[in-house]
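These notes concern the structure reproduced below.
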Amino acid sequence: MADTVFKVDAWAGRLILNPRGGGQRSADLLVHAVPPFFFADLGVTGSARVGAAVLPARAQLDRAARRLRDVLHPV
Numbered sequence: 010m011a012d013t014v015f016k017v018d019a020w021a022g023r024l025i026l027n028p029r030g031g032g033q034r035s036a037d038l039l040v041h042a043v044p045p046f047f048f049a050d051l052g053v054t055g056s057a058r059v060g061a062a063v064l065p066a067r068a069q070l071d072r073a074a075r076r077l078r079d080v081l082h083p084v
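According to my numbering, the sequence shown holds residues 10 to 84 in order.
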């Protein structure tokens, strides 16, 4: 639903998540929202083959988890 309605991969509250990085497709659509939305680029770009599946590489997942933690729970 997030992709179809708002052109985003995922969101949590007012936070729009972009797992793969790159341009944010929903920025123009959501720019005037009040209260505003915030965007986080998790930068998951690498992948590894696990059997028949192609999944994000472990280092990429760890980096994304740290980035998400920093965004959701800033110190």
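Backbone N, C-alpha and C fix where the C-beta goes; we use that ideal spot for every residue, glycine too.
DSSP links L64 through a beta bridge to A57.
Within the model, the alpha-carbon separation for V40 versus F46 is close to 8 Å. Within 10 angstroms of the beta-carbon of A68 lie fewer than 16 other beta-carbons, which makes it exposed. The C-beta of A66 has fewer than 16 other C-beta atoms within 10 Å across all chains shown, which makes the residue exposed. Annotation for A73: L51, V53 place their beta carbon closer than 6 Å to its own, counting only its chain and skipping 5 residues before and after.
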